[in-house]
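The structure under discussion appears below in the form of structure tokens.
Numbering (my numbering), first residue to last: 157 to 348.
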């Protein structure tokens, strides 16, 4: 009995499955990248802490007191939001990665649309957390002379460098989500 490898429109089934398989691996690689970037960003800020001895002068006539002062990510609500947003994005990326791996070669438009919608929500969540943490980071680096908020990154350099690295990683994860959404939109367009 001879097998027919010719599919719809005269194309060979094996060639078409090979193309879809390559696209699926592109999606899987991007999802793993997003998963790792958001996981590392959440961990970097989540465990970030630095303690410095700061000299505090109460009066010019009295000697300065040396006081240990700590900087923790949990002290700033924008950093807490950043950690939670990256953790949520990491968890949903793991969920959609499993769904992508479980999806057979067939094109399920509902599953693809649902995945695309989740990815779009995670993109918005990541960009909002990057904006919040970035705004606080700029205040830490430059301060605000109008409100008399001093710079803190010249004192807590390690803390600020960890936050900068985490914000950059999260931004790259959001950019990868944009690539992922473009890939999904092209898949959805082809399935029609």
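Just so it is clear, CB atoms sit at the ideal spot from N, CA and C, and this is done for glycine as well.
- Within the segment 256 to 309, the runs of alpha helix (DSSP H) that reach at least 4 residues and sit entirely inside it are, in chain order, 265 to 298.
- When only Cα atoms are considered, residue 190 and residue 233 end up about 24 Å apart.
- Judged by DSSP secondary structure, residue 207 falls outside any alpha helix (DSSP H) and instead within the beta strand (DSSP E) spanning 205 to 212.
- Residue pairing from DSSP places residue 226 in a beta bridge opposite 207.
- With fewer than 16 neighbouring CB atoms inside 10 Å of its own CB, residue 310 falls in the exposed class.
- Looking at the backbone, the Cα of residue 187 and that of residue 324 are separated by about 17 Å.
- The DSSP assignment places no complete run of the alpha helix (DSSP H) inside the segment 180 to 206 (cut-off: 4 residues).
- Residue 230 has its alpha-carbon roughly 25 Å from the corresponding atom of residue 302.
- In this structure, the alpha-carbon of residue 265 lies about 15 Å from that of residue 338.
- Straight through space, the alpha carbons of residue 249 and residue 342 are spaced by roughly 20 Å.
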